[in-house]
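Numbering (my numbering), first residue to last: 39 to 417. By construction, the Cβ of each residue, glycine as well, lies at the ideal position given by its N, Cα and C atoms. What follows is a short report on a single structure.
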């Protein structure tokens, strides 16, 4: 812009150098043009130039509008003048400067919204004003997290930034906008790189990328054999690297640790055997519960042979198990059946699209056998 001004000056208008200052004649229209161009090219804080004494006792432009943080620069052209603010918004800094050959420029950066009026006290009627709007360009948002940037599948973290009621918000994961994310808060449940865009005054500002990692849960499983009330439990959990295991047997006895376990029941009955697997590389854990019938004289058999996939699930799961098995889903604490299939016929698709994202328990019963495992709904 300054180069354009200089080029136009040297090409179209005669310029004279007096006392080391450039005195530009008949430039009123050019300064107005440059002022309009400066406003039209706004992409952030700007500098508005006001000429003093160009062709007479004038401030050019006489009035304009800026935003807080913009700069107003007065440039002396000729004569002996001053700038004296006489009506300013409450809290605004004072404005005063002589404008002559010894003080050819004066700057102010208004931060208070409102109307600023000023005059040259040497020349009656030589007045100027500018209005500072309430529009402030958005600052770069900083993302904070309630649960760090890594968590276990089925968990989540709340991402947030400082709230400004004047801003418009949009969250993005990887390259796609997150639906219904028009506030300063979103909940991350999926792996990806998150960003927050804010918009104000037609200007965007975006946060630094915030990567989120989701660790898979262990998939504990086991089989068992018995001789009357004496049971051997064999761990069949896949890829148990850096895992630890805790067993409980549903009869009030002490828990056991280790890959496999043995336990003797004092009396016949039905017991819920629980295996907890902890992945120490991620601190993620999962539990499987298998109900057994401890009897005398009849050997028990392995748990129900069934599979559920995918897990985590999105809108549907496929259950593969014995014909006539019963399947239902509850919340993580059990209780009311949210989805119930009275039977599955070898392979059955189960619609889980009505379930919100989160952790659930999947129950499978075949005859007198019963097993429970975690089910994660992730979208």
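Put residue i into one of helix, strand or coil per three-state DSSP.
i, result
"residue 329", "strand"
"residue 417", "coil"
"residue 111", "strand"
"residue 223", "strand"
"residue 355", "strand"
"residue 190", "strand"
"residue 402", "strand"
"residue 374", "strand"
"residue 410", "strand"
"residue 59", "Residue placement at residue 59 is flagged as unreliable, the pLDDT there being 32, under the threshold of 50; the coordinate-derived value follows with that caveat. Reduced to three states, the DSSP call for residue 59 is strand."
"residue 198", "strand"
"residue 315", "strand"
"residue 140", "coil"
"residue 151", "coil"
"residue 281", "strand"
"residue 92", "coil"
"residue 361", "coil"
"residue 87", "strand"
"residue 52", "Because the pLDDT at residue 52 is just 33, under 50, the model does not fix this residue reliably, and the value given afterwards should be weighed accordingly. The answer is coil: DSSP assigns residue 52 none of H, G, I, E or B."
"residue 214", "strand"
Do you know whose CA, among the options, lies nearest residue i's CA?
i, options, result
"residue 177", "411, 245, 363, 379", "245"
"residue 295", "105, 312, 136", "312"
"residue 199", "222, 267, 91, 211", "222"
"residue 92", "225, 110, 83, 117", "117"
"residue 303", "326, 264, 325", "264"
"residue 377", "399, 407, 139, 358", "399"
"residue 408", "326, 225, 183", "326"
"residue 375", "110, 173, 393", "393"
"residue 122", "129, 128, 134, 248", "134"
"residue 247", "212, 369, 241", "212"
"residue 124", "228, 167, 141", "167"
"residue 172", "95, 107, 188, 229", "107"
"residue 196", "333, 202, 228", "228"
"residue 328", "308, 131, 130, 142", "308"
"residue 350", "332, 397, 369", "397"
Buried or exposed: which applies to residue i, given that a residue is buried once 16 or more other Cβ atoms fall within 10 Å of its Cβ?
i, result
"residue 412", "buried"
"residue 88", "buried"
"residue 179", "buried"
"residue 232", "buried"
"residue 280", "exposed"
"residue 186", "exposed"
"residue 164", "buried"
"residue 340", "Confidence at residue 340 is low in this model, with a pLDDT of 48, below 50, so the placement of that residue should be treated as unreliable; the coordinate-derived value is given next. Under this definition residue 340 is an exposed residue."
"residue 156", "buried"
"residue 401", "buried"
"residue 79", "The predicted model places residue 79 with a pLDDT of 39, which falls under 50 and marks its position as unreliable; any figure quoted below should be read in that light. Looking at its Cβ environment, which holds fewer than 16 other Cβ atoms inside 10 Å, residue 79 is exposed."
"residue 145", "exposed"
"residue 67", "Bear in mind that a pLDDT of 43 at residue 67, under 50, signals an unreliable position, so the number given afterwards is only what the model happens to contain. Exposed, since its Cβ has fewer than 16 Cβ neighbours within 10 Å."
"residue 72", "Per-residue confidence for residue 72 stands at a pLDDT of 43, beneath the threshold of 50, marking its modelled position as unreliable; the derived number appears in the next sentence. By the neighbour-count rule (16 or more Cβ atoms within 10 Å), residue 72 is buried."
"residue 250", "buried"
"residue 252", "buried"
"residue 224", "buried"
Apart from the five residues just before and just after residue i, which ones in its own chain have a Cβ nearer than 8 Å to its Cβ?
i, result
"residue 323", "190, 255, 256, 314, 315, 316, 317"
"residue 354", "387, 388, 389, 390, 391"
"residue 421", "With the chain running from 39 to 417 in the structure shown, residue 421 is simply not present."
"residue 169", "101, 102, 103, 104, 152, 153, 154"
"residue 57", "Confidence in residue 57 is poor, its pLDDT being 36 and thus under 50, which makes the residue's placement unreliable; the coordinate value appears in the next sentence. Result list for residue 57: 139, in chain order."
"residue 215", "208, 209"
"residue 379", "357, 364, 365, 366, 386, 388"
"residue 127", "150, 151, 152, 153, 154, 170"
"residue 175", "82, 83, 105, 107, 238, 239, 241, 243"
"residue 220", "206, 207, 208"
Within the same chain, show all residues whose beta-carbon is closer than 6 Å to that of residue i, passing over the 5 residues directly before and after it, in chain order.
i, result
"residue 204", "238"
"residue 69", "Any reading at residue 69 must be qualified, since the residue scores a pLDDT of 42, below 50, and its modelled position is unreliable; the value itself is stated next. Cβ neighbours of residue 69 beyond the five flanking positions: 89, 98."
"residue 158", "119, 120, 164"
"residue 183", "195, 197"
On the DSSP bridge assignment, give the partners of residue i in chain order.
i, result
"residue 296", "DSSP, once it has assigned bridges, lists no residue as partnering residue 296."
"residue 178", "Paired residues: none, contrary to the question."
"residue 269", "264, 301"
"residue 387", "356"
"residue 241", "238"
"residue 249", "231"
"residue 121", "135"
"residue 309", "330"
"residue 185", "187"
"residue 322", "317"
"residue 288", "DSSP, once it has assigned bridges, lists no residue as partnering residue 288."
"residue 397", "414"
"residue 156", "123, 166"
"residue 14", "With the chain represented from 39 up to 417, any question about residue 14 goes unanswered, as that position is not in the structure."
Enumerate in chain order the residues of its own chain whose CB-to-CB distance from residue i is below 7 Å, with the five nearest sequence positions on each side excluded.
i, result
"residue 90", "97, 112, 113, 114, 115, 119, 137"
"residue 319", "280"
"residue 403", "363, 364"
"residue 417", "352, 395"
Is the shortest distance between the beta-carbon of residue i and the beta-carbons of chain B less than 8 Å?
i, result
"residue 143", "In the structure shown, chain B does not exist; there is a single protein chain."
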